[in-house]
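Residue numbering for the sequence shown follows this note's numbering, beginning at 145 and increasing consecutively.
By construction, the Cβ of each residue, glycine as well, lies at the ideal position given by its N, Cα and C atoms.
Reviewing the structure listed below.
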Amino acid sequence: MPPNSFPSNGFRIEEAGKYYEPPEDADNAEIRLKNVISNKYKVQFDTYEDWFTWTHQNYPQFWETVLEECDVKLHNKYTKVVEADVPMPKVPKWFPGATLNYAENCLKNGKNDKIAFIEYEINGNQKTYTYSVLRQDVAALATALRDKFNVQKGDHICGYLPNVYETAVAMLATTALGGTWSSCSTDFGPTGVLDRFAQINPKVLFVVDKTSYKGKHHSLVNNVNEIVDGLGDDLKVIVIPQLDKPIELDVFDQRSQYFCYNELKKEVGDTAAIEYTPVPFHHPLFVMFSSGTTGIPKGIVHTVGGVLLKHVEEHIIQTNISEQDTILFYTTCGWMMWNWLMTVLFTGATIVLYNESPLEPQDILLKIVSETKATVLGMGAKIYDEYAKSDIDYKKIHSLSQLRLILSTASPLKASTFAYLNGKIRPQVVIGSISGGTDIVGCFMGATLNRPVVPGECQHFYLGLDMCTFNENGEQVEDERAELVCRNPFPSMPLEFINDSDGRRYFNAYFNKFPGVWTHGDFVLIDSQTKGSVIFGRSDTTLNRGGVRIGTAEIYAVVEKFEEIADSLVIGTVDPQDDTNENVLLFVKLAPGHKLTLELMKNIKIKLRNRMSPRHVPNEVHPIDDIPYTNSGKKVELAVKQVLQKEVVKNINSLRNPESLKLFEPFAST
145 MPPNSFPSNG FRIEEAGKYY EPPEDADNAE IRLKNVISNK YKVQFDTYED WFTWTHQNYP
205 QFWETVLEEC DVKLHNKYTK VVEADVPMPK VPKWFPGATL NYAENCLKNG KNDKIAFIEY
265 EINGNQKTYT YSVLRQDVAA LATALRDKFN VQKGDHICGY LPNVYETAVA MLATTALGGT
325 WSSCSTDFGP TGVLDRFAQI NPKVLFVVDK TSYKGKHHSL VNNVNEIVDG LGDDLKVIVI
385 PQLDKPIELD VFDQRSQYFC YNELKKEVGD TAAIEYTPVP FHHPLFVMFS SGTTGIPKGI
445 VHTVGGVLLK HVEEHIIQTN ISEQDTILFY TTCGWMMWNW LMTVLFTGAT IVLYNESPLE
505 PQDILLKIVS ETKATVLGMG AKIYDEYAKS DIDYKKIHSL SQLRLILSTA SPLKASTFAY
565 LNGKIRPQVV IGSISGGTDI VGCFMGATLN RPVVPGECQH FYLGLDMCTF NENGEQVEDE
625 RAELVCRNPF PSMPLEFIND SDGRRYFNAY FNKFPGVWTH GDFVLIDSQT KGSVIFGRSD
685 TTLNRGGVRI GTAEIYAVVE KFEEIADSLV IGTVDPQDDT NENVLLFVKL APGHKLTLEL
745 MKNIKIKLRN RMSPRHVPNE VHPIDDIPYT NSGKKVELAV KQVLQKEVVK NINSLRNPES
805 LKLFEPFAST
């Protein structure tokens with residue numbers, strides 16, 4: 145395939161200049177690892193596909209070499225790399241016999257005077273914390289947790305917190321003691337928090353009494369009172385001060401359960417030393433929660449070693465992050481990208497935190513990149529889409545030349561947005577559309593410095609993973625839309641689900657469709673020429689038009705280019721005349737000052753017919769005032785489909801804007 149030509153992935157856009165191609169003399173961590181493996185195992189890699197294939201066909205050797213070359217610190221040596229005699233759907237143990245500590249590994253490489261965190265405030269102020277200060281703060285808090293609250297290995301600690309420095313300290317202090325961490329962001333309501341935290345009965349809960357969004361202060365006292373009341377009398381609550389204002393513990397109910405974060409650290413002093421608790425490789429590190437749009441959120445247990453090793457491979461090997469980097473990834477601590485981001489500390493890099501609105505003003509994140517000299521930028525694809533809609537040439541406004549890597553996730557990144565980023569943010573930057581999920585607290589595909597960027601595609605599957613797509617018959621296919629699967633075990637497979645003693649929910653989540661194969665629930669096309677992937681949305685909301693499966697992302701990619709359209713949602717409902725077919729309803733949220741006219745509806749349908757196919761044309765187009773999203777920024781199609789079919793919508797509290805579902809009730813089938 146000629147460089148920078150476009151694959152047959154359904155997207156055609158104007159070329160926005162030359163896209164990134166790996167230089168012939170490239171020198172990065174992935175290339176160095178490849179050379180180590182080539183010498184160690186006497187194997188030659190003539191192409192990138194040779195290299196990728198070796199890593200998943202020899203996955204025990206690959207992951208062992210990553211562990212060794214990236215210098216993951218172990219306290220006890222392992223007896224084997226993986227239980228190779230334990231086939232999926234069972235979960236094999238990795239590095240049995242080994243012990244380690246997550247926090248110790250995250251904190252061991254950062255130089256004392258190197259900035260670990262920059263906390264950027266809405267007024268432009270920057271609070272900086274060095275690795276030396278971070279280690280000191282973690283030591284003090286861990287000591288307080290151990291001595292005052294008897295926190296020890298295996299205890300659950302939770303946080304109802306914003307994305308601020310103290311949240312990172314709380315997580316690291318917890319894991320330093322061998323505890324298990326879970327967090328929800330402060331945009332969750334009490335029911336959403338209790339649906340999650342009540343499953344794990346935490347010993348300690350970290351909270352804030354107030355937060356700020358769009359520059360406005362919001363009290364969280366009532367939320368916290370309700371959450372604490374629902375978690376029981378034995379819970380201890382640590383309140384972290386926010387907005388540079390003192391804490392008034394008397395405003396809380398059950399006053400005796402509350403403690404001040406700063407006072408606890410002050411009691412310990414600045415001389416505490418960290419005493420890391422070694423735990424087995426498969427010891428629980430995080431309990432993550434599914435988005436919960438199909439029921440009570442699943443509590444997904446992830447392991448210390450599995451998370452650490454997978455993240456280290458993604459950060460160092462896939463994207464070459466090092467102590468020379470500064471990364472701004474816009475996230476909340478209710479999204480798995482926060483956990484992913486925290487492990488960047490292992491590299492000794494600097495992490496930039498921002499807890500305000502990402503789009504007020506619209507270019508605030510780009511301003512932060514400029515002022516902090518960030519080299520890596522990440523956020524949800526929808527934010528990049530907003531930049532693209534503005535068509536502003538931000539590289540002429542902000543200093544963005546130091547950016548070397550742009551990461552996008554949460555939903556597919558449109559090819560047209562690739563073009564915008566390449567043309568008006570940072571020409572020839574590596575654009576990594578990364579995809580994975582809470583289920584693996586990491587990525588299946590995304591970025592590499594050693595493959596070209598093709599607009600509309602995730603560059604490549606990640607190393608060590610036997611990824612492919614299966615059609616309905618379980619046959620491996622390329623160049624067609626099919627089910628994304630992984631055919632070999634990997635370190636960050638969940639250990640188990642909470643309250644799933646027989647493993648049935650775990651099996652049904654990943655292994656029910658194809659025997660012995662992890663089915664991820666994404667609808668993907670692998671381009672046979674580029675080996676990149678195009679994601680078409682979740683397979684459980686894939687449209688069926690006359691037996692042809694259509695991903696909703698294909699329709700969004702066309703509809704949301706209209707300047708009159710601010711957002712959209714596509715839902716398939718059963719055709720009453722043909723239960724093997726679906727009627728497609730398109731709901732459009734109009735941009736300010738625009739109406740859904742007959743002419744606009746006609747133009748949308750013509751564009752879909754011409755750019756995609758007649759099957760992509762919706763049966764109906766309706767205006768809607770709002771589109772529902774999860775707290776992690778994903779469109780909620782399934783819940784709307786349930787509303788339209790007059791089914792019960794479970795766990796509505798997992799939505800960022802649950803009130804939006806009522807807008808769809810008038811369109812429900814009769």
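DSSP has residue i in a bridge; who is on the other side?
i, result
"Thr272", "Ile262"
"Asn727", "Thr717"
"Met589", "Ser579, Phe605"
"Ser329", "Partner(s): none; Ser329 has no beta bridge."
"Arg682", "Asp666"
"Met611", "Cys630"
"Val226", "Trp238"
"Pro424", "Thr243"
"Ser545", "Its beta-bridge partners do not exist; DSSP assigns none."
"Ile709", "Leu734"
"Glu764", "Leu729"
"His361", "Ser356"
"Leu349", "Cys302, Val381"
Whose C-beta lies closer than 6 Å to the C-beta of residue i among residues of the same chain, with five residues either side of it excluded?
i, result
"Arg279", "Leu251"
"Val668", "Thr613, Leu628, Ser677, Ile679"
"Gly120", "Summary: the structure shown does not reach residue 120, with the chain confined to residues 145 through 814, and so no result is reported for it."
"Asp623", "Ser672"
"Ile527", "Pro502"
"Gly647", "none"
"Asp299", "Gly323, Lys347"
"Gly580", "Gly586, Cys587, Phe588"
"Phe293", "Val348, Lys380"
Going by other Cβ atoms of all chains shown within 10 Å of its Cβ, with 16 needed for buried, is residue i buried or exposed?
i, result
"Lys347", "buried"
"Gln603", "buried"
"Glu803", "exposed"
"Ser636", "buried"
"Val230", "exposed"
"His446", "buried"
"Arg340", "buried"
"Asp190", "exposed"
"Thr311", "buried"
"Gln468", "exposed"
"His760", "buried"
"Asn617", "exposed"
"His249", "Per the sequence presented here, residue 249 reads as Asn, with His not at that position. Classification of Asn249: buried, given that the 10 Å Cβ count is 16 or more."
"Pro167", "exposed"
Tell me the DSSP secondary structure of residue i in three-state form.
i, result
"Ala554", "coil"
"Glu781", "coil"
"Gln842", "Residue 842 is absent from the structure shown; the chain starts at 145 and stops at 814."
"Lys540", "helix"
"Ala812", "coil"
"Tyr304", "strand"
"Gly665", "strand"
"Gly443", "strand"
"Arg595", "coil"
"Lys354", "strand"
"Thr438", "Low per-residue confidence applies at Thr438: pLDDT is 48, beneath 50, and the placement is therefore not dependable, though the value from the model is reported in the following sentence. Coil at Thr438, not helix or strand."
"Pro802", "helix"
"Glu624", "coil"
"Asp644", "coil"
"Arg399", "helix"
"Thr788", "Note on identity: in this sequence residue 788 is Leu, with Thr being the wrong assignment. Of the three classes helix, strand and coil, the one that applies to Leu788 here is helix, per DSSP."
"His459", "helix"
"Met432", "strand"
"Thr815", "Outside the displayed range of the chain (145 to 814) lies residue 815, so it cannot be described from this structure."
"Cys214", "coil"
"Ser757", "coil"
Whose C-beta lies closer than 8 Å to the C-beta of residue i among residues of the same chain, with five residues either side of it excluded?
i, result
"Leu244", "Val216, Lys217, Leu218, His219, Pro422, Val423, Phe425, Val448, Gly449, Leu452"
"Asn734", "What sits at residue 734 in the sequence shown is Leu, not Asn. The residues are Glu708, Ile709, Ala710, Leu740, Pro767."
"Leu544", "Leu510, Val513, Ser514, Tyr538, Ile569, Arg570"
"His542", "Asp507, Leu510, Lys511, Val513, Ser514"
"Ser881", "The requested residue 881 does not occur in the structure, where the chain is confined to residues 145 to 814."
Spatial neighbours of residue i within its chain, please: CB distance less than 7 Å, with the 5 preceding and 5 following residues excluded, ordered by chain position.
i, result
"Glu726", "Leu687, Asn688, Arg689, Gly716, Thr717, Val718, Asp719"
"Ile460", "Ala173, Cys214, Thr491"
Fill in: 4-residue-minimum alpha helix (DSSP H) runs that sit fully inside the region 465-534, ordered along the chain
480-486, 508-516, 525-534
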